[in-house]
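Enquirer: Quick note on our numbering: the sequence shown kicks off at 43 and runs consecutively.
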Amino acid sequence: MRVSNNLVGILNLVTLLLSIPIIGGGIWLSKQANTECERFLDKPVIVLGVFVLLVSIAGLVGSCCRVTWLLWVYLLVMFLLILLLFCFTIFAFVVTNKGAGQALSDKGYKEYRLGDYSNWLQNRVNDNWGKIRSCLEDSKICQKLLTDNSTPAADFYKEHLSSLQSGCCKPSNDCNFQYISPTNWTKGATAALGNPDCEIWSNDANKLCYACDSCKAGCWIT
Ligand SMILES: *[C@@H]1O[C@H](CO)[C@@H](O)[C@H](O)[C@H]1NC(C)=O
43 MRVSNNLVGI LNLVTLLLSI PIIGGGIWLS KQANTECERF LDKPVIVLGV FVLLVSIAGL
103 VGSCCRVTWL LWVYLLVMFL LILLLFCFTI FAFVVTNKGA GQALSDKGYK EYRLGDYSNW
163 LQNRVNDNWG KIRSCLEDSK ICQKLLTDNS TPAADFYKEH LSSLQSGCCK PSNDCNFQYI
223 SPTNWTKGAT AALGNPDCEI WSNDANKLCY ACDSCKAGCW IT
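Below you can see the structure in the form of structure tokens.
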């Protein structure tokens with residue numbers, strides 16, 4: 043019992059120390075939040091930090107001062123957390139099940155469609171798209187493609203793109219646009235039918251395909 047008590051104490055000291063930069067980071071975010079993404083994230087980060095802090099204190103005090111009820115509270119919270127994580131994993135698996143991405147015969151990357159997901163998930167994504175989109179723009183996922191503007195088409199088609207890069211930074215394959223650079227495409231005379239993403243695509247670095255359904259779909263695979 044003593045060894046495990048010491049172990050619990052040390053682990054909680056570590057998480058206690060970790061919670062301080064988390065809270066600090068959350069406060070810093072809330073102080074200098076310029077984008078919608080930063081304003082969206084600051085509160086959850088602070089809540090997470092305070093939660094870790096409180097749980098660590100419970101575990102630390104419980105183990106080193108032998109406060110049994112505090113240790114039980116700590117164990118219960120840990121159990122619920124693991125249960126929650128387990129349920130969330132299953133949930134994430136179920137809702138994104140069909141959206142595994144479509145392999146294209148002559149391309150190194152896959153493409154993603156929002157229609158492959160459940161209606162429930164599609165609605166949730168659409169409701170929060172403004173915030174998620176702001177976070178995507180902040181994360182500069184398309185930066186590499188924006189700067190690779192001398193890549194020949196044949197090389198670009200062989201690249202392995204992440205789901206976000208494929209969905210958000212380039213137009214869908216079935217739009218049949220003509221390639222100039224990864225983020226610069228010429229719309230053909232024959233408008234692509236059936237895929238609204240083709241209308242949404244823009245060569246403007248601030249727009250690209252961030253509003254596309256393919257981007258919303260790519261968001262759920264990482
Ligand atoms: C895309 O390429 C065309 C042709 O090379 C060029 O005129 C245009 O400025 C480019 N657009 C952007 C956004 O880079």
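Here a beta-carbon is modelled for each residue, glycine too, at the ideal position from N, C-alpha and C.
Please report the residue range of the beta strand (DSSP E) in which Thr228 lies.
Expert: Here residue 228 is taken as the residue at index 186 of the sequence shown, counted from 1. From DSSP, the beta strand (DSSP E) with Thr228 extends over 226-228.
Enquirer: Closest to Gln207 by C-alpha separation, out of Tyr252, Gln220, Leu125, Cys79, would be which residue?
Expert: Against the sequence shown, residue 207 aligns to sequence position 165. Taking only the C-alpha atoms, the option nearest Gln207 is Tyr252.
Enquirer: Just checking Asn248 against ligand 1 - is the residue's beta carbon closer than 7 Å to any of the ligand's heavy atoms?
Expert: Indexing the sequence shown from 1 puts residue 248 at position 206. Outside the cutoff, so no.
Enquirer: Which residues have a Cβ closer than 5 Å to any heavy atom of ligand 1, listed in chain order?
Expert: Here the list is Ile222, Asn226, Asn245.
Enquirer: So what does DSSP say about Ala134, is it helix, strand or coil?
Expert: Here the question's residue 134 lines up with position 92 in the sequence shown. Note: Ala134 maps to helix in three-state DSSP.
Enquirer: Which same chain residues end up closer than 8 Å to Cys184 when comparing Cβ atoms and leaving out the 5 residues on each side of it in sequence?
Expert: Residue 184 sits at position 142 when you count from the first residue of the sequence shown. Cβ neighbours of Cys184 beyond the five flanking positions: Gln207, Cys210, Cys211, Thr225, Ala247, Leu250.
Enquirer: Between Ser58 and Leu102, which are expected to be in contact by the criterion C-beta below 8 Å, what is the C-beta distance as a whole number of angstroms?
Expert: Taking the sequence shown and counting its residues from 1, the one referred to as residue 58 is at position 16. Taking the sequence shown and counting its residues from 1, the one referred to as residue 102 is at position 60. Note that residue 58 corresponds to Leu in the displayed sequence, not to Ser. Indeed, because the Cβ distance is near 6 Å, the residues count as touching under 8 Å.
Enquirer: DSSP puts Lys200 in a beta bridge; with which residues?
Expert: Start at 1 with the first residue of the sequence shown, and residue 200 comes out as number 158. BP columns for Lys200 are empty, so no partner.
Enquirer: Give the DSSP-derived three-state secondary structure of Ala259 in the structure shown.
Expert: Taking the sequence shown and counting its residues from 1, one reaches residue 259 at position 217. Three-state DSSP puts Ala259 in a helix.
Enquirer: Just to confirm before moving on: does the CB-CB distance between Glu78 and Ser176 stay below 8 Å?
Expert: Taking the sequence shown and counting its residues from 1, the one referred to as residue 78 is at position 36. Taking the sequence shown and counting its residues from 1, the one referred to as residue 176 is at position 134. Cβ distance < 8 Å, so Glu78 and Ser176 count as in contact.
Enquirer: Is Tyr221 helix, strand or coil by DSSP?
Expert: Numbered from its first residue, the sequence shown carries residue 221 at position 179. Correct three-state label for Tyr221: strand.
Enquirer: Which full runs of the alpha helix (DSSP H) of 4+ residues lie inside the stretch 97-174, going along the chain?
Expert: As far as the stretch 97-174 is concerned, its whole alpha helix (DSSP H) runs of at least 4 residues are 110-137, 161-169.
Enquirer: Is the distance from the Cβ of Asn215 to the Cβ of Lys149 below 8 Å?
Expert: Your numbering for residue 215 matches position 173 in the sequence shown. Your numbering for residue 149 matches position 107 in the sequence shown. Against a cut-off of 8 Å, the Cβ pair of Lys149 and Asn215 comes out as a contact.
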